[in-house]
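Chemist:
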Amino acid sequence: MKFKKPETAYWDDKFAAYMHDPIDKVFQIQGHEERGAKQLETFGLQKPNDEFWKKADSIAAGFERGQVPTYSKNTNLNGAVDFLEKPIITHPTSNKSHLNINFAENFSAKDAKDISSELLEFLQKDIGIKAGKGSYSDNFKDDPDRFSMARFLYTHLILRFRLAEKNVAGIGALWHRLPADSRFPDHSIWQHNALTSALYSCMDMANDVNQTGMMIFSITPVQAFIAKARK
C-alpha cells in the first residue's frame, strides 16, 4: 500500500492536540485549558475534534497516573499542590525521597499569569506565528506546508532546550522536567502532551475514537539471542 503523505491539516491538528495543555500547566491547574487555547490562538489555530482529543487526553492521563478527583477549592479533597510554593518532582518507581526544586529568590514573586505571559511572548518570537513571520519560521518562507510539520517537530524536540537555554520566566533547566500534574509529579508535560497527540492522530486518521493501539515490547539481554543465531 502506498504511503500517503500527511497534509498540512494533519500537522496543524497534531500540533493543536499536543498543545491542548499549556506547557506551564503545573503552575496553575485551574484554568489551564483556557491558557492552552490562548497559546493555540497565537498560531491561528483552534483545538481539533473535541471528541478525539478529549478521549486521547483521558487515555494518556490514565496511562500515566492514577485517577483523582477534579479540582476543588478544598485542598484536602483534591490533593492539589501549589507548585509555585512547593516545586517537587518524584520518580514513578523510586521509593526514595522526592526532589525539591530550588528556584531563584525572585521566583516566588511570580504568579502563573506572569509565567504564562513570558512563555507566550517567547513562543511568538522563537517559533513565529506563520511561515516566514520571524525566527524559526523564516526557514519556511512561502512554504506553509513544511512549516506546519516542522513546527510540531520543533515544539516536541527542540522547544524545551530553547526555554531552558534562554531561562524563560526564570525556570531554567526545569523546563525539561515540568510535571503534567502537581499531584503526580513523576512524568513531564512533554510526555503527556506527546502521548495525547499520538493517540489523537490514530483516532483522527481512522475517524474512529476506538481505533487506537499500543505496542508493548521489552529489551532483554542479547546473549540468548546470539546463542540461538549461532545454531
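Residue 100 is where the sequence shown starts when you use this note's numbering, and the numbers rise one by one after that. Virtual Cβ for every residue (Gly too), placed ideally from N, Cα, C. Fair warning: this is a prediction, and the values are worked out from it, not measured in the lab.
Could you tell me the distance, in whole angstroms, from the CA atom of Pro243 to the CA atom of Arg261?
Modeler: Residue mapping note: residue 243 aligns to position 144 of the sequence shown, counting from 1. Residue mapping note: residue 261 aligns to position 162 of the sequence shown, counting from 1. Between Pro243 and Arg261, the C-alpha separation is close to 22 Å.
Chemist: Can the beta-carbon of Ser215 be found less than 7 Å from the beta-carbon of Asp123?
Modeler: One-based indexing of the sequence shown puts residue 215 at position 116. One-based indexing of the sequence shown puts residue 123 at position 24. Yes; because the gap between Cβ atoms is below 7 Å, this pair is in contact.
Chemist: Taking all protein chains shown into account, do 16 or more other C-beta atoms lie within 10 angstroms of the C-beta of Arg259, making it buried, or fewer, making it exposed?
Modeler: Residue numbering aside, residue 259 sits at position 160 when the sequence shown is read from its first letter. Buried, by the Cβ-count rule.
Chemist: Just verifying my parser: in three-state terms, what is the DSSP assignment at Leu198?
Modeler: As a working mapping, residue 198 is identified with position 99 in the sequence shown. Three-state result, Leu198: strand.
Chemist: Count the other C-beta atoms from every protein chain shown that fall within 10 angstroms of the C-beta of Gly135, then say buried if there are 16 or more, exposed otherwise.
Modeler: Taking the sequence shown and counting its residues from 1, one reaches residue 135 at position 36. It counts as buried.
Chemist: Can you check which of these residues, Leu298, Ala279, Ile318, is closest to Gln127 by C-alpha distance?
Modeler: Taking the sequence shown and counting its residues from 1, one reaches residue 127 at position 28. Checked all of Leu298, Ala279, Ile318; the closest Cα to Gln127 is Ala279.
Chemist: Mind checking which residues open and close the alpha helix (DSSP H) that includes Glu140?
Modeler: Translated into the one-based positions of the sequence shown, residue 140 becomes position 41. 131-141 is the extent of the alpha helix (DSSP H) around Glu140.
Chemist: When we look at the beta-carbon of Asn175 and count the other beta-carbons within 10 Å, is it buried (16 or more) or exposed?
Modeler: Within the sequence shown, residue 175 is the residue found at index 76, counting from 1. It counts as exposed.
Chemist: In this structure, does DSSP put Ser317 in helix, strand or coil?
Modeler: For the purposes of this step, residue 317 is identified with residue 218 of the sequence shown, where counting begins at 1. If DSSP states are grouped into helix, strand and coil, Ser317 belongs with coil.
Chemist: As an exercise, report each continuous alpha helix (DSSP H) stretch of at least 4 residues that is fully enclosed by the stretch 258-292, in chain order.
Modeler: 258-264, all fully within the stretch 258-292.
Chemist: Using 8 Å as the Cβ pair cut-off and three pairs as the minimum, do the stretch 302-321 and the stretch 148-164 touch?
Modeler: Touching, yes.
Chemist: Tell me the rounded alpha-carbon separation between Lys212 and Lys229.
Modeler: Counting from 1 along the sequence shown, the entry for residue 212 is found at position 113. Counting from 1 along the sequence shown, the entry for residue 229 is found at position 130. For Lys212 and Lys229, the distance between alpha carbons rounds to 25 Å.
Chemist: Alpha carbon to alpha carbon, how far is Phe221 from Ser171?
Modeler: Looking up residue 221 in the sequence shown gives position 122. Looking up residue 171 in the sequence shown gives position 72. Distance between the alpha carbons of Phe221 and Ser171 is about 32 Å.
Chemist: List the endpoints of the continuous alpha helix (DSSP H) containing Asp181.
Modeler: Your numbering for residue 181 matches position 82 in the sequence shown. Where Asp181 is concerned, there is no enclosing alpha helix (DSSP H), given that its DSSP letter is neither H nor E.
Chemist: Quick one: what's got a C-beta closer than 6 Å to Lys209's C-beta in the same chain, skipping five residues either side?
Modeler: Locating residue 209 in the sequence shown gives position 110, where the first residue counts as 1. Counting only Cβ-Cβ distances below 6 Å, and skipping sequence neighbours, we find nothing.
Chemist: Within the chosen definition, does the stretch 179-193 reach the stretch 316-327 through at least 3 CB pairs nearer than 8 Å?
Modeler: No, they do not touch.
Chemist: Are Lys137 and Ser296 close, meaning C-beta to C-beta below 7 Å?
Modeler: As a working note, residue 137 is residue 38 in the sequence shown. As a working note, residue 296 is residue 197 in the sequence shown. Contact: no.
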